[in-house]
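Here the working numbering runs 194 ahead of the position in the sequence shown, where the first position is 1.
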Amino acid sequence: MAHKTQRWTRKHLLGLEHLSADEIRIVLDTANSFKEVSTRSVKKVPALRGHVVVNVFFEDSTRTRTSFGLAAQRLSADVIDFSEKGSSVSKGETLIDTARNIEAMGIDIIVLRHPAAGAADLLSRSVKCSVVNAGDGAHEHPTQGLLDLYTIRERFGKIEGLKVAIVGDIVNSRVARSNLWGLTKLGAEVILVGPPTLLPRSFETMGARVVHNFEEVIGEVDVINMLRVQFERIKSSQFPSVREFTHLFGLTSERMQRCKKDVFVMHPGPMNRGIEISSQIADGPHSGILTQVTNGLAVRMAALYLVSHVSS
Ligand code: CP
Numbered sequence: 195m196a197h198k199t200q201r202w203t204r205k206h207l208l209g210l211e212h213l214s215a216d217e218i219r220i221v222l223d224t225a226n227s228f229k230e231v232s233t234r235s236v237k238k239v240p241a242l243r244g245h246v247v248v249n250v251f252f253e254d255s256t257r258t259r260t261s262f263g264l265a266a267q268r269l270s271a272d273v274i275d276f277s278e279k280g281s282s283v284s285k286g287e288t289l290i291d292t293a294r295n296i297e298a299m300g301i302d303i304i305v306l307r308h309p310a311a312g313a314a315d316l317l318s319r320s321v322k323c324s325v326v327n328a329g330d331g332a333h334e335h336p337t338q339g340l341l342d343l344y345t346i347r348e349r350f351g352k353i354e355g356l357k358v359a360i361v362g363d364i365v366n367s368r369v370a371r372s373n374l375w376g377l378t379k380l381g382a383e384v385i386l387v388g389p390p391t392l393l394p395r396s397f398e399t400m401g402a403r404v405v406h407n408f409e410e411v412i413g414e415v416d417v418i419n420m421l422r423v424q425f426e427r428i429k430s431s432q433f434p435s436v437r438e439f440t441h442l443f444g445l446t447s448e449r450m451q452r453c454k455k456d457v458f459v460m461h462p463g464p465m466n467r468g469i470e471i472s473s474q475i476a477d478g479p480h481s482g483i484l485t486q487v488t489n490g491l492a493v494r495m496a497a498l499y500l501v502s503h504v505s506s
């Protein structure tokens with residue numbers, strides 16, 4: 195499973211910003227070898243037998259939480275689910291104390307989702323076990339970025355040279371940031387599209403082209419990754435009207451007519467149907483949305499496997 199040019203040496207997976215292109219390829223290639231496991235009648239390999247993985251989620255999740263749990267089970271690890279709700283966090287216990295107490299029970303990997311940017315990095319410096327970032331505020335969501343890269347590579351056979359538009363609520367999006375780091379490292383051109391209130395020019399310093407008019411680029415891109423409008427994080431001044439947002443930035447059937455014939459449509463989920471994407475497009479022939487979810491399982495198996503099999 196090792197990649198030819200570089201070995202995996204990271205105990206933690208915290209983001210794509212600091213991974214090299216080769217390290218990203220190692221994860222994608224490892225995921226490729228794990229994807230086949232889910233097609234077997236007995237969907238299990240013993241790669242993490244005897245290991246314990248704990249999902250520590252301080253924010254709600256459907257896809258990430260379920261697929262990390264399932265990924266750990268397919269690798270034969272024991273899995274524990276920890277939720278903030280019902281825990282001693284309500285009595286004032288800190289994230290670090292919570293994690294250290296869980297670790298004291300003999301944990302090998304903590305998968306952490308937290309509303310604060312930098313929470314996974316902080317945790318990785320406070321515990322002895324591996325930490326995998328399952329989304330930290332608006333900072334990074336590395337396994338979502340990796341599963342998006344995997345899905346694009348599977349669809350086109352390459353990433354280099356593709357033009358990828360990431361559209362909508364960019365400023366609040368950890369998915370946008372992880373995609374941007376990963377896609378640019380692997381040689382894609384990334385075009386960020388959204389209203390100035392949700393897409394500051396400062397994203398240009400991260401290597402993206404910043405565009406405030408969707409029509410300017412809609413006909414030239416190979417991939418359109420629509421982001422969820424994160425109403426829970428948006429200030430009213432950033433988002434005057436849902437109707438105006440959908441009119442200018444929503445992926446509708448009418449707008450799809452101006453796309454390339456083989457354009458690939460993605461969305462990390464959960465979707466606001468009828469706001470950033472119409473149901474016709476989300477469920478239509480160009481959509482890779484459920485394929486992303488399927489691939490997320492293999493990518494998360496790869497992430498758990500790699501952080502617990504670190505080469506020195
Ligand atoms: N894409 C994603 O992170 O979805 P969940 O919030 O449901 O995990």
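Note that CB positions come from ideal geometry on N, CA and C, so glycine has one too.
For clarity, every value in this text was computed on a predicted model and none was experimentally measured.
Problem set entry | Distance between N419 and I483 (C-alpha atoms, nearest Å) | 9 Å
Exercise. Taking just the CA atoms, how far does C453 sit from D416?
Worked result: 9 Å
Exercise. Rounded to a whole number of angstroms, what is the C-alpha to C-alpha distance between V361 and G413?
Worked result: 14 Å
Problem set entry | Counted within 10 angstroms of its Cβ, other Cβ atoms place N249 as buried (16 or more) or exposed | buried
For this session: Within 10 angstroms of the Cβ of Q486, are there 16 or more other Cβ atoms? Answer buried if so, exposed if not.
Result: buried
Exercise. Name the DSSP beta bridge partners of L445, please?
Worked result: Residue pairing of L445 in beta bridges, as defined by DSSP: I471.
For this session: Rounded to whole angstroms, what's the CA-CA distance from S372 to D342? Just pull it up for me.
Result: Cα-Cα distance, rounded: 10 Å.
Exercise. If you draw a straight line from the C-alpha of L498 to the C-alpha of G401, how long is it?
Worked result: 29 Å
Exercise. Which of the three DSSP states, helix, strand or coil, is assigned to E253?
Worked result: coil
Exercise. The alpha helix (DSSP H) spanning E465 covers which residue range?
Worked result: The amino acid at residue 465 is misidentified as Glu; the sequence shows Met. No alpha helix (DSSP H) holds M465; DSSP gives it neither H nor E.
Problem set entry | Alpha carbon of S430 to alpha carbon of G463, nearest angstrom | Approximately 22 Å, taken between the alpha carbons.
For this session: Consider the C-beta atom of P336 and the heavy atoms of the ligand CP; say whether any pair is separated by less than 7 Å.
Result: no
Problem set entry | Exposure label - E470; buried when at least 16 CB within 10 Å | buried
Problem set entry | Where W202 falls: helix, strand or coil (DSSP) | coil
Exercise. Going by C-alpha distance, which of A332, G329, A298 and P309 is nearest S320?
Worked result: A298
Problem set entry | Environment of the ligand CP in chain order, Cβ to heavy atom below 5 Å | S255, T256, R257, T258, P462 and G463
For this session: Would you give the residue range spanned by the alpha helix (DSSP H) that A370 belongs to?
Result: R368 to K379
Exercise. Relative to the alpha-carbon of G263, which residue among I304, V236 and A293 has its alpha-carbon at the smallest distance?
Worked result: I304
For this session: Grab me the residues of T399's own chain with a C-beta within less than 7 Å of its C-beta, minus the 5 sequence neighbours each way, in chain order.
Result: none
Exercise. For M420, does the three-state DSSP call read helix, strand or coil?
Worked result: strand
Exercise. For N295, which three-state DSSP category applies?
Worked result: Three-state result, N295: helix.
Exercise. Apart from the five residues just before and just after S214, which ones in its own chain have a Cβ nearer than 8 Å to its Cβ?
Worked result: Excluding residues within five positions, the ones whose Cβ falls inside 8 Å are Q200 and K379.
Exercise. Per DSSP, what kind of secondary structure is K398 in: helix, strand or coil?
Worked result: According to the sequence shown, residue 398 is Glu rather than Lys. If DSSP states are grouped into helix, strand and coil, E398 belongs with the helices.
Problem set entry | Euclidean distance between Cα positions of R395 and I385 | Within the model, the alpha-carbon separation for R395 versus I385 is close to 12 Å.
For this session: For N226, name the three-state secondary structure that DSSP assigns.
Result: helix
Problem set entry | Identified DSSP bridge partners for A359 | Paired residues: I385 and I418.
For this session: On a CA-only basis, which of R268, E438 and T345 is nearest V239? Give me that one, please.
Result: R268
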